[in-house]
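Okay, so here's the structure we're looking at.
Residue numbers (this note's numbering): 24 to 657.
In structure tokens:
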């Protein structure tokens with residue numbers, strides 16, 4: 024019996040594929056089942072025009088059987104089979120598949136569902152097997168043939184016995200090692216799990232004889248003695264796959280419970296999804312998709328360990344468990360799957376070419392998610408606010424990321440707590456409710472709504488009857504800086520140097536007071552040299568004696584956030600100490616300044632500065648000094 028050699032390039036490809044192409048060895052079963060389904064598809068297609076086939080769709084099946092004693096695993100189909108020449112061409116030349124040729128010759132369209140077009144998939148068997156035997160009889164042929172190989176050393180083709188058309192692939196598994204336990208692939212529960220994971224939606228039944236245990240029937244005497252029952256094994260043929268994917272069914276066939284049950288079962292979530300979308304897209308991108316928005320964020324969602332991505336199927340065969348390229352980061356909370364026949368798959372079903380088609384599908388998916396969120400915001404406000412509580416932070420990160428490139432896509436999905444009624448509002452709702460004379464969208468930052476409510480800087484804006492957005496997440500102000508404007512309205516912090524609320528008369532009045540107190544303000548500034556850029560009189564304060572504001576791009580809140588990050592570089596906002604000229608403390612400062620006691624004025628300056636820091640939720644530099652100054656000056 025002559026051993027034939029693989030061609031040199033095929034031999035190199037086989038070695039590379041076994042050792043590096045496939046990420047997980049377990050996918051060999053997916054590849055062999057897909058090839059079996061492909062073979063059945065070919066004969067089923069033939070049966071539609073040839074009555075001699077004598078088989079209906081219900082007669083076709085794929086069988087899996089495992090023998091632990093001989094360490095063999097067999098995958099059998101009753102498909103079209105192969106001749107000796109086809110065995111030579113399809114299995115003797117790596118990366119050559121008869122399926123693509125069959126599809127082309129028969130002018131099959133995308134609905135034909137021939138999936139075994141990726142010739143090297145068969146050779147994944149050598150990742151787990153030391154010997155692979157293929158016994159096949161082509162439909163209409165008198166003889167069967169056996170292809171046998173132990174890997175790169177070559178293969179043999181001989182005549183064999185087989186009663187009917189179809190193919191048997193027999194794997195003699197590798198010996199178990201320290202790292203790999205190949206005998207696991209002979210365990211019925213492992214095999215059932217792999218079929219469920221990768222091949223659940225192959226459209227022909229995948230069957231296996233499964234061993235179960237049941238108690239033996241007891242005699243009356245044994246029952247009377249309350250003996251523990253003995254157990255016996257029995258064998259039952261089980262269909263391991265569900266065959267028809269939920270996403271390929273008509274929406275009219277399905278109920279809400281079907282979608283929710285599928286989500287909980289498929290994505291291992293204890294909670295039902297908040298929202299789902301069943302998409303059937305035709306046109307530039309042909310695909311089916313099921314998209315889910317979870318009701319709660321996974322425990323690791325806002326961590327580096329979280330992996331985004333949708334499951335990717337090709338004709339019902341799982342290709343990737345998490346295809347990250349199908350989701351932008353700001354929609355990374357979406358779970359679900361995409362099934363497409365249009366994707367270019369290279370080398371094996373596991374390696375996806377990042378081609379135009381994938382980008383088209385991803386863009387379409389992004390648009391669908393955006394539209395679903397907008398509909399939820401408009402029609403199911405309570406549900407959207409629940410979503411916002413779980414994933415709103417991610418949308419705000421999306422605004423800030425990539426230098427604000429995606430801000431226009433996301434800005435209408437944002438929610439912030441409003442000073443009016445303390446409820447969540449959109450930017451559109453804020454702008455629509457603005458008074459005619461209002462120039463800016465005002466916001467205030469802080470650790471909580473309650474903390475922001477107490478900020479002295481909010482007094483003037485509130486007194487003018489203007490609404491304030493309360494920003495309580497670290498990313499909030501960065502997101503608004505990236506937005507810059509919304510509907511031509513600029514965002515303005517209540518701590519900004521110019522709120523646009525001062526009348527010319529008030530400005531003149533304040534300017535006159537500053538000129539009168541110029542020497543005192545200079546002395547206070549000198550006492551706080553290195554801490555603040557200047558000390559000024561405030562028009563925004565009403566009941567509080569002092570507050571901190573900032574000049575330039577870095578705000579006080581941004582300083583806190585950036586300096587909390589684990590880096591050696593620290594940033595500093597240009598702080599401005601503002602004094603309330605109507606407060607009695609201001610009169611006290613004037614009296615001290617007039618007395619010429621610079622030392623005491625400096626102590627008041629440091630005390631007021633520390634007080635302003637505490638109001639802002641910032642750490643004071645010397646708590647001991649602060650305590651001593653209170654005691655001394657009281």
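Using N, Cα and C, we set each Cβ at its ideal position, and we do this for glycine too.
Name, in chain order, the residues that DSSP records as bridge partners for residue i.
i, result
"residue 404", "Bridge partners of residue 404: none, in fact."
"residue 90", "95"
"residue 237", "255"
"residue 492", "441 and 466"
"residue 193", "97 and 156"
"residue 231", "87 and 261"
"residue 269", "According to DSSP, which records beta bridges pairwise, residue 269 is partnered with nothing at all."
"residue 362", "311 and 336"
"residue 560", "602"
"residue 577", "Its beta-bridge partners do not exist; DSSP assigns none."
If contacts are defined as beta-carbon pairs under 8 Å, then residue i and residue j qualify, I think. What distance do you get, rounded to the angstrom?
i, j, result
"residue 433", "residue 421", "5 Å"
"residue 232", "residue 192", "About 17 Å; that fails the 8 Å criterion."
"residue 633", "residue 624", "With 8 Å as the limit, residue 633 and residue 624 do not qualify as a contact, their Cβ atoms being about 15 Å apart."
"residue 387", "residue 366", "The pair is not a contact, with the Cβ atoms about 13 Å apart (cut-off 8 Å)."
"residue 579", "residue 518", "6 Å"
"residue 418", "residue 325", "That pair is no contact at about 13 Å."
"residue 469", "residue 483", "No, residue 469 and residue 483 are not in contact; Cβ-Cβ is about 17 Å, not under 8 Å."
"residue 599", "residue 573", "6 Å"
"residue 67", "residue 80", "6 Å"
"residue 48", "residue 150", "5 Å"
Go through its chain and collect everything with a Cβ distance to residue i's Cβ below 8 Å, but skip five positions before and after it.
i, result
"residue 269", "277, 281, 282, 285 and 313"
"residue 655", "626"
"residue 474", "640"
"residue 487", "524"
"residue 14", "No information on residue 14 is available, as it lies outside the stretch 24 to 657 that the chain covers here."
"residue 254", "236, 237, 238 and 239"
"residue 542", "616"
When the Cα of residue i is compared with those of the options, which residue comes out closest?
i, options, result
"residue 181", "442, 26 and 512", "26"
"residue 62", "160, 507, 474 and 95", "160"
"residue 445", "493, 503, 401 and 429", "493"
"residue 184", "174, 176, 170 and 196", "170"
"residue 229", "154, 85, 215 and 335", "85"
"residue 425", "351, 476, 315 and 463", "351"
"residue 190", "176, 509, 296 and 57", "57"
"residue 223", "262, 98 and 154", "262"
"residue 360", "72, 316 and 248", "316"
"residue 450", "413, 464, 443 and 458", "464"
"residue 105", "448, 187 and 510", "187"
Specify, as a first and last residue, the run of the beta strand (DSSP E) that residue i falls within.
i, result
"residue 549", "Here residue 549 belongs to no beta strand (DSSP E); instead the alpha helix (DSSP H) covers 541-550."
"residue 169", "167-172"
"residue 160", "152-160"
"residue 571", "569-574"
"residue 310", "310-316"
"residue 599", "597-602"
"residue 502", "Where residue 502 is concerned, there is no enclosing beta strand (DSSP E), although the alpha helix (DSSP H) it sits in stretches over 499-506."
Could you tell me the boundaries of the alpha helix (DSSP H) in which residue i lies?
i, result
"residue 486", "482-486"
"residue 614", "607-618"
"residue 211", "211-221"
"residue 634", "621-638"
"residue 647", "646-656"
"residue 111", "107-114"
"residue 452", "450-455"
"residue 64", "50-70"
"residue 205", "Where residue 205 is concerned, there is no enclosing alpha helix (DSSP H), given that its DSSP letter is neither H nor E."
"residue 473", "472-476"
Spatial neighbours of residue i within its chain, please: C-beta separation below 6 Å, excluding the five flanking residues on both sides.
i, result
"residue 135", "Note that residue 135 has pLDDT 46, beneath the 50 cutoff, so the model's placement of it is unreliable and no number is given."
"residue 549", "none"
"residue 303", "311"
"residue 132", "Unreliable positioning characterises residue 132 in this predicted model, as indicated by a pLDDT of 49, which lies under 50. The coordinate reading is nonetheless provided below. Cβ within range, chain order: n/a, list empty."
"residue 226", "266"
"residue 355", "331"
"residue 154", "173 and 195"
"residue 648", "none"
"residue 129", "Model confidence at residue 129 stands at a pLDDT of 49, short of 50, so the residue's coordinates are unreliable; what they give is reported in the following sentence. Cβ within range, chain order: n/a, list empty."
"residue 217", "49 and 52"
Could you name the residues of the same chain whose beta carbon sits closer than 7 Å to that of residue i, not counting the 5 residues immediately before and after it, in chain order?
i, result
"residue 505", "422, 423, 427 and 430"
"residue 380", "308, 365, 366 and 367"
"residue 252", "238, 239 and 241"
"residue 637", "643"
"residue 385", "348 and 349"
Verify the CB distance criterion: does residue i have a CB-CB separation below 7 Å to chain B?
i, result
"residue 182", "In summary, chain B is missing from the structure at hand, where a single protein chain is found."
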